Amino acid sequence: MRKEHDLIENVKYVEMDGQTYLMPSHLQIEVVGGKGMCNAHCAMCTIDKWERPPTIMTNAVFQSIVDGVAPFNEHIEYVTLHGNGEPLLDKEMASKVKYAKQKGFRGVGFATNCSALTKKRADELLAAGLDTIICSIDGMKKETHEAIRPGTKYEAIVRNVKYLIQARNRSGKTKILVRFIRQELNQHEFPAYKAYWEQVLNPEFGDEVLVFNIHNWGSQLEVGNQINENFGHVHEEIPICADLYHRLLVFPNGDLAFCDADYNGFYDLGNVQKEHFLKLYNGERLNFYRQKMESGKIRELPYCKSCTIPISRANKTEVAGSAEKASPVSNNYKTIPIRVMDQKLPL
Ligand SMILES: C[S@@+](CC[C@H](N)C(=O)[O-])C[C@H]1O[C@@H](n2cnc3c(N)ncnc32)[C@H](O)[C@@H]1O
Ligand code: SF4
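First residue of the sequence shown: 9, per this note's numbering; consecutive thereafter.
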C-alpha cells in the first residue's frame, strides 16, 4: 500500500492483481445527460454547450457499473446520481437508487431542480432508501429563483420539497439538503433563505441548508453573474484539485468523464463497461494531470488552470459538520469578470 497523499486529505489506494491503484471515494454516475436533457435552463449552467447525445442511462448499464464498483464499496463514501442534466427525467430513478442500496453503497443521493419531484416520485424515492437529496433552490423570492432557474416554477418547487419533508418525517430516513448557489443575482437573499428553510427542514434527519458559491465549471463558463473573491488567484491558494483524487464520474453510456466539470467528454478516457474502472481512473491522461499538479504546475493545465471549483468547494458548508464547524463564508464578495477560456487544448 502507498502512504496517503500528502497534499490531499484521505486519499486511498487499493491493490488489485498485484498492482496499486488510486481509489476514488466518490462515485458519480450521470444517469441523465447530453444535449437538452434538462427541464430548466439555469443562468449559471453549461447547458447551452452540451453536445453529447441525449441519454438516460439504461438500468442494464447502471447495474453493470454498480456491480463493477461494488467489490470496493467500503471505500466509496458517496454515490451521486447526477452529473450534468436533470436526474428526475429518468422515470426509473427510484429503482436505480434501490439497486445501489442493495449492493451495499452508502451515501446514495443526487441533486435535482425538483420540478419533477411529484408526490409519487417523492414516495418512490423515500421507499427506495435514498440517503440524501439536494434540492436546488436559488432564491427566497419567486422572481430571483426563476430568473436564475428559468423553466422552473418557484411555488411548485417549494410545494414539492415541503411534501417530501412531510412524507420523510412520517416514514423515511432521507437527509434533505436545500442548496443555494450563491451568485450576484441572489446573494442578498441568503440570510432570509437560510432562516426560512431551517424552520421547514428537520435536523433530526440531518437536514441542512447549504450554500455553494458559483464556479466556472473548469474554466468553461463565462457568466456576468459571478462572485468569488479569490477568482483569478485560486491556484495560489489551492494548487491541486481534490476532485482528481476522489471523484470518478461516469457518463450515461459508460464513458469515463475527466472530472465533475466535464460536460462533453473533454478526453477519450475509456468506457467502464469495457475496462476496469480502476485502470481507467489510473490511466495515462489523469495521471499526467495529477503529476503536473503535484509538481506545482496546475497553471499549465487546460480546464484546471483557472477553474474555480476548488475554491467553491473550499468554502462550502460542511454537510456532516455542526453549524460551528461549517466553513465561514465571507460576505466580502465582489464581481470579477470571468476570463476568456481556452478554445484549443494543447493536451
Ligand atoms: C448541473 S446540476 C444537475 C442537477 C440538477 N439539474 C440541479 O440543478 O440540481 C448540479 C448542481 O450544480 C449546480 N450548479 C449549476 N451551475 C453551477 C455553477 N456555475 N456553480 C456552482 N454550482 C452550479 C446546480 O445548482 C446543482 O446543484
Ligand atoms: S436544473 Fe441543473 S442541469 Fe438543468 S439547467 Fe439548471 S443547473 Fe443545469
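Where a beta carbon is used, it is the ideal one built from N, C-alpha and C, also for glycine. These numbers come from a predicted model, not from an experiment.
- Taking C-beta atoms as the reference points, Ala48 and His90 fail to come closer than 7 Å.
- From the listed residues Leu218, Glu192 and Glu212, the smallest Cα separation to Lys202 is found for Leu218.
- When C-beta atoms of the stretch 211 to 228 are compared with those of the stretch 316 to 324, three or more pairs fall below 8 Å, so the two segments count as touching.
- The beta-bridge partner set that DSSP reports for Val39 is empty.
- In this structure, Gly304 lies away from Pro211, with their beta-carbon atoms at least 7 Å apart.
- A direct Cα-to-Cα measurement between Leu256 and Thr152 gives close to 33 Å.
- In this structure, ligand 1 has no non-hydrogen atom nearer than 6 Å to the beta-carbon of Met101.
- Between the stretch 172 to 179 and the stretch 147 to 161, the count of Cβ pairs shorter than 8 Å is below three; the stretches do not touch.
- If you check the CB distance, Glu197 and Gly117 do not come in under 7 Å.
- Taking every protein chain shown into account, the CB of Arg114 has fewer than 16 other CB atoms within 10 angstroms, so this residue is exposed.
- In this structure, the straight-line span from the alpha carbon of Ile64 to that of Asp263 is close to 13 Å.
- Where Ala119 is concerned, the enclosing beta strand (DSSP E) starts and stops at Val116 to Thr120.
- In the displayed model, Tyr204 falls within a helix according to three-state DSSP.
- Rounded to the nearest angstrom, the gap between the Cα atoms of Lys170 and Lys149 is 16 Å.
- When the alpha-carbon of Ile142 is set against those of Lys183, Ser179, Gly41 and Asp98, the nearest one is in Lys183.
- The DSSP-derived three-state label of His34 is strand.
- Judged by DSSP in its simplified three-state form, Thr152 adopts helix.
- Annotated three-state conformation of Arg187 is strand, per DSSP.
- The three-state secondary structure of Asp215, taken from DSSP, is coil.
- Contact between Ala102 and Leu133 is confirmed by a C-beta separation of about 5 Å, below the 8 Å threshold.
- Counting along the chain, the unbroken alpha helix (DSSP H) around Arg167 starts and ends at Tyr162 to Arg178.
- By the CB criterion at 7 Å, Asn81 and Gly112 fall inside the cutoff.
- For the set Phe188, Lys181 and Arg157, the Cα lying nearest the Cα of Phe213 is the one of Lys181.
- Between ligand 2 and the CB of Glu154, the shortest heavy atom gap is not smaller than 6 Å.
- Closest in alpha carbon position to Ile306, among Val280, Leu252, Ala68 and Leu286, is Leu252.
- Of the residues assessed, Glu38 falls on the buried side of the cut-off, its CB having 16 or more other CB atoms within 10 angstroms.
- Partner residues in the beta bridge of Tyr29, as assigned by DSSP, are Val22.
- With a cut-off of 6 Å, the C-beta of Ala48 is classified as near ligand 2, since at least one heavy atom of the ligand falls inside that distance.
- Cβ-Cβ separation between Gln228 and Ala269: approximately 6 Å, consistent with a contact (criterion under 8 Å).
- Assignment of Ile306 by DSSP, reduced to helix, strand and coil, places it in the helix class.
- Leu30 and Gln281 have their alpha carbons spaced roughly 19 Å apart.
- Spatial neighbours of Thr54 in its own chain (CB-CB distance under 7 Å, excluding positions within 5 residues in sequence) are listed in chain order as Asn92, Trp225, Gln228, Leu229 and Tyr271.
- Look at Asn210: its beta carbon is at least 6 Å from all of the heavy atoms in ligand 2.
- Put simply, the backbone Cα of Pro79 is about 45 Å away from that of Leu193.
- For Pro61, the CB contacts under 6 Å within the same chain, skipping 5 residues up- and downstream, are Gly42 in chain order.
- With a cut-off of 6 Å, the C-beta of Glu94 is classified as near ligand 1, since at least one heavy atom of the ligand falls inside that distance.
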